[in-house]
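Novice: Taken in order, these protein sequences are the chains called A and B.
With this note's numbering as the guide, the letters of the first sequence map in order to residues 2 to 399.
With this note's numbering as the guide, the letters of the second sequence map in order to residues 2 to 399.
Cβ atoms here follow ideal geometry from the backbone N, Cα and C, with glycine treated the same way.
Just dropping this structure here.
Protein chains: 2
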Amino acid sequence: MISEKMKPFMANNSAIRAMFEEGKRMAAVYGRENVYDFSLGNPNVPVTQVTEAILDVVKNEDFMTLHGYMSNAGYEDVRQTIAESLNKRFGTNFSFKNLIMTVGAASGLNIILKSILNPGDEVIVFAPYFVEYNAYVRNYDGNVVVISPDTETFMPKLDEFETKITAKTKAVIINNPNNPTGVVYDEATIKAMAAILEKKEKEFGTSIVLISDEPYRELAYGGVEVPFVTKYYHNAVVGYSYSKSLSVPGERIGYVVIPDEVDDSAALIGAATIANRVIGCVNAPSLVQKVIKYCIEHEVTVDLETYEKNRNLIYGALTEYGFTCAKPDGAFYLFVKSPVENEKEFCEVAKKHHVLVVPGSSFACPGYVRLAYCVSYEQIERSLPAFKKIAEEYGLCK
Amino acid sequence: MISEKMKPFMANNSAIRAMFEEGKRMAAVYGRENVYDFSLGNPNVPVTQVTEAILDVVKNEDFMTLHGYMSNAGYEDVRQTIAESLNKRFGTNFSFKNLIMTVGAASGLNIILKSILNPGDEVIVFAPYFVEYNAYVRNYDGNVVVISPDTETFMPKLDEFETKITAKTKAVIINNPNNPTGVVYDEATIKAMAAILEKKEKEFGTSIVLISDEPYRELAYGGVEVPFVTKYYHNAVVGYSYSKSLSVPGERIGYVVIPDEVDDSAALIGAATIANRVIGCVNAPSLVQKVIKYCIEHEVTVDLETYEKNRNLIYGALTEYGFTCAKPDGAFYLFVKSPVENEKEFCEVAKKHHVLVVPGSSFACPGYVRLAYCVSYEQIERSLPAFKKIAEEYGLCK
């Protein structure tokens, strides 16, 4: 009954489900407060102004305007508001025409990939990376080409990148700030990447689209700047999601930006808009689009301090205990070096101390684990003795 | 830049856009009240209790529960509520496990097709039909096999259907009540279709999935029953959308039902749930899922009388003027026979009288036009003299 393309997913999915079930089982046995689940990248900081926004749009918008069909690209007023907000923040020059509202960043990436990939085309990603990219690329029969991780800095290995670009390279996906490392690619890195891409485009006579997946853009700490890629490279598009910046991952709301500078820009905007319809989304959910407009106009965003406080506590403690991890400037993840080569073994040891983390092999980077600190400050506090014991068990403590 | 698969859409889309632009242009020139636009299947009857539902869930649900991630299949309580409502109405025996909440019916069809289609597999549809089905099937490299229309009744031609089922037939899509004809397939038709499918499954040793696309299920008039397909055929799945029954097409909310009786049922449910994630939807929008639960519990549905009154007025008038069309028992469409063979010519004549309708060739059924009566009663009243003049011009009047 099941299609050949879907079969490989079935086995993988069971592993993730098994982990989720294990967490639930442990909570039932030991009590929820005694299980330290750092496995899920699920925002935990409510943004109460979103509720005000919902009440406002429900009160002030006409029913059929608020809940009816609109252009497959989304409401023009919402897109224009976002465009102007981006222009103000990043000195860009977008209008509503450059934006397509999407069902989260996931469908944003899908409509871009569907618009450009022919079977056999290559899409470059940098390990460690969000492995759903594999699925999105395979949806359109593309091939993922993985650049190996620089485990010192977790910045993209640009020398290897340059050698792996071929005439078949159609796109490059970066995720900035990064899941799972929390690292932010700085301006120098983006500039160097752009220079390589431009050189290779000339060499092969091709267009290579740099897709920046940015659900964590707003989550950058200590004044770190996240460069806006369209300013550095002509064939750059951005996929954004409000899942993290407004703590509404269930609502599935985001957008893609396709600048006028992109080769064949009007055609790509047209194709991506049609793809939005054809993959089955049709349009981004309507009420939430209007909520986004309200939130931009009222400068609503998640309270970053909560995440930053969490980061400081857990990063400080873990490094003090002797764990090694990349500097987490953004997102809400730490990518911690496993004290043993096989990080799945480490995950099992951690589990004995009621600590749940995700193995790095789930992000194409074995030897590390991902720890999501989008949990309560109290959970982190309660978990620290467990981390200390784990460090002692491995002889990490200084 | 644009992928080969997307290129054919670009040309078609321009035609639809041209029509939309023409409507706007005419409204600007002649005044909106003097243009009779029957081209769009966009619900026009607000359901104010949906607003109450939104206010209720925003007030009573925890922020992160209401806007957070849940299972890719949707909230269990919402799915259970829908399952029980279906069981009560149709004597079925579903639990939440048989339901997957989807981003409208469009993504529901996509996740089913992605789960079952291998390249070259055949999907049978009955003309006239919603041509987006072509796009959905091609997303997974399937081939659409079209059964020619029975232009007397617009019921499916079952003799031709039987001859066109092959070993490669993986699915059959029906749309009941039907867009564009407004016809409802009755129980006898569904039973006969099921008997043919069972016979052919045995003959070829295959599983053939009957997919019933039912966004118009609640829109049936004069006590006409819309049979629930899973009661008549073991490999039947249902795709539903609340776009029409709650007048919220922009919100993108629906579900698929996969009964336990379907071959390999657990695997299909699993695959479709993963497909929901992989195509980029991840899950149906969360707040609106909870709104659906409220609406079921409070028995909220669109006021059918408005559409029925519209139907009676326009069907009565058009047949009186000498137009021919199938009996419109459901949805909000009339499928009217063009007085001339080339219905696009008829559309142009209608346009001269400020009447906008969609050519049947857009539904793989030339010689007819679709008229959407989800407009104000007053628009229909104002348009009748124009229809009368058109009928006179073609010498249809008795």
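Determine which residues of the segment 267-301 of chain A have a Cβ less than 7 Å from any Cβ of chain B, and write them out in chain order.
Specialist: Going along the segment 267-301 of chain A in chain order, one finds Ala268, Leu269, Gly271, Ala272, Ile275, Ala276, Val279, Ile280, Gly281, Cys282, Val283, Asn284, Pro286, Ser287, Leu288 and Val289 with a Cβ nearer than 7 Å to chain B.
Novice: Does DSSP put A:Asn111 in a helix, in a strand, or in coil?
Specialist: Helix, per DSSP.
Novice: For B:Asp78, count neighbouring Cβ atoms within 10 angstroms of its own Cβ and tell me buried if that reaches 16, exposed if not.
Specialist: That one is exposed.
Novice: Taking the Cβ atom as the reference point for each residue, do A:Gly251 and B:Asn284 lie within a distance shorter than 9 Å?
Specialist: Result yes, Cβ atoms of A:Gly251 and B:Asn284 sit closer than 9 Å.
Novice: Going along the segment 210-236 of chain A in order, which residues come within less than 7 Å of chain B, judged by CB to CB distance?
Specialist: Going along the segment 210-236 of chain A in chain order, one finds no residue with a Cβ nearer than 7 Å to chain B.
Novice: Excluding the 5 residues preceding and the 5 following A:Tyr241 in the sequence, name in chain order all residues of the same chain whose CB lies nearer than 8 Å to its CB.
Specialist: Excluding sequence neighbours, A:Tyr241 sits near Ala106, Gly109, Glu215, Pro216, Arg218, Gly255, Tyr256, Val257 and Val258.
Novice: Could you compute how far the alpha carbon of B:Val227 sits from the alpha carbon of B:Asp187?
Specialist: Those two C-alpha atoms are separated by around 6 Å.
Novice: Can you confirm whether B:Ala136, when its beta carbon is compared against all beta carbons of chain A, has any partner nearer than 9 Å?
Specialist: Yes, contact with chain A.
Novice: Who are A:Ser213's beta bridge partners in DSSP?
Specialist: Paired residue(s): A:Ile175 and A:Val239.
Novice: Got a sec: is the Cβ-Cβ distance from B:Tyr378 to anything in chain A below 9 Å?
Specialist: B:Tyr378 does not count as touching chain A.
Novice: Between B:Phe388 and B:Val30, what straight-line distance do the alpha-carbon atoms span, to the nearest angstrom?
Specialist: Their backbone Cα atoms lie some 20 Å apart in a straight line.
Novice: Would you mind sorting A:Arg371 into buried or exposed? The rule is 16 or more other CB atoms within 10 Å of its CB.
Specialist: A:Arg371 should be labelled buried.
Novice: What is the residue span of the alpha helix (DSSP H) that A:Gly271 lies within?
Specialist: First-last of the alpha helix (DSSP H) with A:Gly271: Ser266 to Val279.
Novice: For A:Asp63, count the other beta carbons within 10 Å of its own beta carbon; 16 or more makes it buried, fewer makes it exposed. Which is it?
Specialist: The residue in question, A:Asp63, is exposed, as its Cβ has fewer than 16 Cβ neighbours within 10 Å.
Novice: Just to make sure I have the definition right: I need the residues of chain B whose C-beta is within less than 7 Å of the C-beta of A:Pro250. Which are they?
Specialist: Chain B residues near A:Pro250: Gly69 and Tyr70.
Novice: Considering only the alpha carbon of each residue, which of A:Asn140, A:Glu133 and A:Gly223 lies closest to A:Leu114?
Specialist: Closest by alpha carbon: A:Asn140.
Novice: Report the rounded CA-to-CA distance for B:Thr49 versus A:Thr66, giving the unit in angstroms.
Specialist: Straight-line Cα distance between these residues: approximately 13 Å.
Novice: What runs of the alpha helix (DSSP H), each 4 residues or longer, lie entirely inside the segment 131-213 of chain A?
Specialist: Segments of the alpha helix (DSSP H) lying fully in the segment 131-213 of chain A: 133-140, 159-165 and 188-205.
Novice: Secondary structure at B:Asp38, three-state DSSP: helix, strand or coil?
Specialist: Three-state DSSP puts B:Asp38 in a strand.
Novice: Okay, do the segment 112-132 of chain B and the segment 90-100 of chain B touch, 3+ Cβ pairs below 8 Å being the bar?
Specialist: No, the segment 112-132 of chain B is not in contact with the segment 90-100 of chain B.
Novice: If you draw a straight line from the alpha carbon of A:Leu357 to that of A:Ser40, how long is it in whole angstroms?
Specialist: Between A:Leu357 and A:Ser40, the C-alpha separation is close to 6 Å.
Novice: Assign A:Val173 to buried or exposed, taking buried as 16 or more other Cβ atoms, counted over all protein chains shown, within 10 Å of its Cβ.
Specialist: That one is buried.
Novice: Does the contact criterion of 3 or more C-beta pairs under 8 Å hold for the segment 144-153 of chain B versus the segment 161-172 of chain B?
Specialist: Yes, they touch.
Novice: Measuring straight from C-alpha to C-alpha, what distance separates B:Lys338 and B:Pro329?
Specialist: C-alpha separation (whole angstroms): 13 Å.
Novice: Are three or more beta carbon pairs between the segment 188-201 of chain B and the segment 230-241 of chain B nearer than 8 Å?
Specialist: Output reads yes: the segment 230-241 of chain B touches the segment 188-201 of chain B.
Novice: Can a CB atom of chain B be found closer than 9 Å to the CB of A:Asp265?
Specialist: Cβ-Cβ to chain B under 9 Å: yes for A:Asp265.
Novice: Determine the contact status of B:Val341 and B:Phe333, defining contact as a CB-CB distance below 9 Å.
Specialist: Cβ atoms of B:Val341 and B:Phe333: not closer than 9 Å.
Novice: Give the interface partners of A:Glu401 over in chain B, defined as CB-CB distance under 9 Å, in chain order.
Specialist: Nothing about residue 401 of chain A can be read from this structure; chain A reaches only from 2 to 399.
Novice: If we call anything under 9 Å between Cβ atoms a contact, is A:Leu385 one with A:Phe324?
Specialist: Their beta carbons are not under 9 Å apart, which means A:Leu385 does not touch A:Phe324 by this criterion.
Novice: Looking at the secondary structure, which residues open and close the alpha helix (DSSP H) in which B:Glu401 lies?
Specialist: Chain B is shown only over 2 to 399; residue 401 of chain B falls outside these bounds and no answer can be derived.
Novice: Closest to A:Ile275 by CA distance: which of B:Tyr308, B:Ser4 and B:Asn14 is it?
Specialist: Per the Cα distances, B:Asn14.
Novice: Name the chain B residues whose beta carbon is nearer than 8 Å to that of A:Thr404?
Specialist: Because chain A spans 2 through 399 in this model, residue 404 of chain A falls outside it and cannot be assessed.
Novice: Classify B:Asp38 as buried or exposed, calling it buried when 16 or more other Cβ atoms lie within 10 Å of its own Cβ.
Specialist: Looking at its Cβ environment, which holds 16 or more other Cβ atoms inside 10 Å, B:Asp38 is buried.
Novice: What would DSSP say about B:Val258, mapped onto helix, strand or coil?
Specialist: Reduced to three states, the DSSP call for B:Val258 is strand.
Novice: Where B:Asn177 and B:Val185 are concerned, what is the direct C-alpha to C-alpha distance, given to the nearest angstrom?
Specialist: If you take the alpha carbons of B:Asn177 and B:Val185, they lie about 6 Å apart.
Novice: Quick check on the DSSP output: the beta strand (DSSP E) that includes A:Thr103 runs from which residue to which?
Specialist: Leu100 to Thr103 is the span of the beta strand (DSSP E), which, as asked, contains A:Thr103.
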